[in-house]
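In this note's numbering, the protein residues as written are 293 to 422. Note that the Cβ used here is the ideal one computed from N, Cα and C, for glycine as well. Computed from a predicted structure; not experimentally measured. Worksheet: the structure to be examined is printed underneath.
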Ligand code: SF4
């Protein structure tokens, strides 16, 4: 038996402002299921390191065009984090979208964005203008 093949990743924990430097070692043979994280100062950082090493996710925040409103844009955010490799597709869907005023906080503007199973919601209000 040879030495186990490991893939090493170093990154900064973004869960809190401490910004601990994490190192994650992923066993290639395990198909990403075996991850050893070091450098964290708390449990949340350890969990973040494990996810980031094998399946990185991010919330997507942006703005969507609004027609007939008191503001031309409304801020939006995915209601949960989406896989990092889907961010570009999410941004394309957001860019292509235009909604009619009024828009309310929490209103779902795109269901199942980019096939992620996650919705995009407004995080601001835009009033309708006559
Ligand atoms: S490991 Fe814990 S303390 Fe360090 S940055 Fe992450 S969340 Fe903050």
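Measure the CB-CB distance between residue 305 and residue 337 and report whether it falls below 8 Å.
-> Between residue 305 and residue 337, the CB-CB gap stays under 8 Å.
Below 7 Å CB to CB, which residues in the same chain sit around residue 401 once its five sequence neighbours on both sides are set aside?
-> Counting only Cβ-Cβ distances below 7 Å, and skipping sequence neighbours, we find 356, 368, 389, 391, 412, 413, 414.
Where residue 293 falls, given that 16 or more other Cβ within 10 Å makes a residue buried | Since pLDDT at residue 293 reaches only 48, below the 50 mark, its modelled position is unreliable, and no value is offered.
Looking only at C-alpha atoms, which of 372, 307, 418 sits nearest to residue 344?
-> 307
For residue 400, does the three-state DSSP call read helix, strand or coil?
-> strand
Less than 7 Å between the CB of residue 350 and some heavy atom of ligand 1, yes or no?
-> no
Cut-off 7 Å between Cβ atoms - residues of its own chain near residue 416, not counting five sequence neighbours on either side | 366, 367, 397
Range covered by the beta strand (DSSP E) that runs through residue 313 = From DSSP, the beta strand (DSSP E) with residue 313 extends over 313-319.
Look up residue 325 in the DSSP assignment and give the residues it is bridged to.
-> For residue 325, which the question treats as bridged, DSSP gives no partner whatsoever.
Nearest-angstrom Cβ-Cβ length linking residue 394 and residue 420, presumed shorter than 8 Å = 4 Å
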